[in-house]
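What follows is a single structure, written as structure tokens, with notes after it.
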Amino acid sequence: MTTAAMEHRITTVSGWEARRLSTEQLDVTVIPGKGGDVSSIRDRASGVELLWTPRWGLRPPWALPLPGVPEALALDRSGGGWNTMFPNAGRACVEHGVDWGFHGETWLAPFAAEAMPGGVRMTTSLARSPFTVTKEVRVAENRVTVTETVTHVGARPVDVLWCQHPAFGEPLIGPSTTVEITGCAVHPDLPDDTPPTQAPRRWPEHTEVDGSRHDLSRLAADRSGVARLAFLGSFDDEHVRARIHNPELGLGVELAWSRHDFPFAWYWYEAGGRQNYPWYGAAHSLALEPASGYPSGVHRARALTDTATTIQPGAIVTKTVTLSVTSG
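Below, the structure written as structure tokens:
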């Protein structure tokens, strides 16, 4: 295999058809039937898996659904990895007379897949909103590029919240790990559905809703009782870059995207801080999520921050995020 070559194999993961995209540097696994997720990015030199998987893993397609509320049903099927949240992200809501579930429909939708130069192209039609979605995952050397295109096939404008959700886990995530990002404002969550009244802080300073202050550039040890949620925006540069680096491993990842595509980023960190469902204090993950708006739930983004995105009938919208794996 030459440096520029990319091998494309069809295999199975937990009962799902999977596309394995490999270069000399990376092994990348994509699950078309489960949201077109990137379920794994493995650095071949070190053998380190970079993406996070919840303790129950990726459940097979024939797993019986458990009774429960929509958020629990969605999380049962999550499987971790790098997901697409569209047309909703975060909290479930009702839009146009139908439930738009937790994290939206796309991350649970079945995609049809075909090989393309450098990767795989996947398409689906959503059932609860008037959109078709195309995802292209390309792998070249040490880079994974996810390009998403949505086409509005309905007859009236629709507000959406669009977010890419790459979640990273151990051993990349640990107490020695540092986080860097293009200069930006840091907004807290709005749990009481009250519009923000105070000026945001600047990266890496963050004030949680309980008044505690944190440095978002530093992480903690597993099961240390830490949980953080922040929304980053007003980036200083058009081209946004976020870097997660573990000097003990000599390994890191860098995310890059356009501020025009995603003017915000969600910062979600869990190190044993949520003691009840779903993590029970046993999750250790960091997600840096390029996003079209905030906070979670398209109805809340519209009402609280006016950051919902309106897509007009007939519109075709494309957004791209690139992940690079770095070493040394």
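Counting the sequence shown from 1 gives a position; our numbering is that position plus 373.
We put the beta carbon where it would ideally sit given N, CA and C, even for glycine.
- For R601 against Y653, the beta-carbon gap comes to about 18 Å, at or over 8 Å, which does not count as contact.
- For V694 against P663, the beta-carbon gap comes to about 5 Å, under 8 Å, which counts as contact.
- Inside the segment 517-589, DSSP marks no whole alpha helix (DSSP H) run of 4 or more residues.
- When C-beta atoms of the segment 468-477 are compared with those of the segment 417-437, fewer than three pairs fall below 8 Å, so the two segments do not count as touching.
- Distance from P686 to P460 at the Cβ level is roughly 14 Å; contact not present, criterion being Cβ atoms closer than 8 Å.
- Within the model, the alpha-carbon separation for H469 versus P503 is close to 11 Å.
- Per DSSP, the continuous alpha helix (DSSP H) segment holding L448 begins and ends at P443 to D449.
- Rounded to whole angstroms, A681 and V671 show a C-alpha spacing of 6 Å.
- Using a Cβ distance threshold of 9 Å, S700 and S419 count as a contacting pair.
- Shortest Cα-Cα distance from E422 to any of V401, V442 and G406 involves V401.
- When the alpha-carbon of F604 is set against those of P577, A688 and A436, the nearest one is in P577.
- Within the same chain, A593, A644 and G646 come within 6 Å of V599 by CB-CB distance, once the 5 residues on both sides are set aside.
- Note: N456 is bridge-paired with H538 in the DSSP secondary-structure output.
- In the displayed model, W425 falls within coil according to three-state DSSP, outside both helix and strand.
- When only Cα atoms are considered, G388 and E514 end up about 28 Å apart.
- For S697, the pairing in a beta bridge is given by DSSP as R516 and E627.
- With the rule of 3 Cβ pairs closer than 8 Å, the segment 548-568 counts as touching the segment 611-620.
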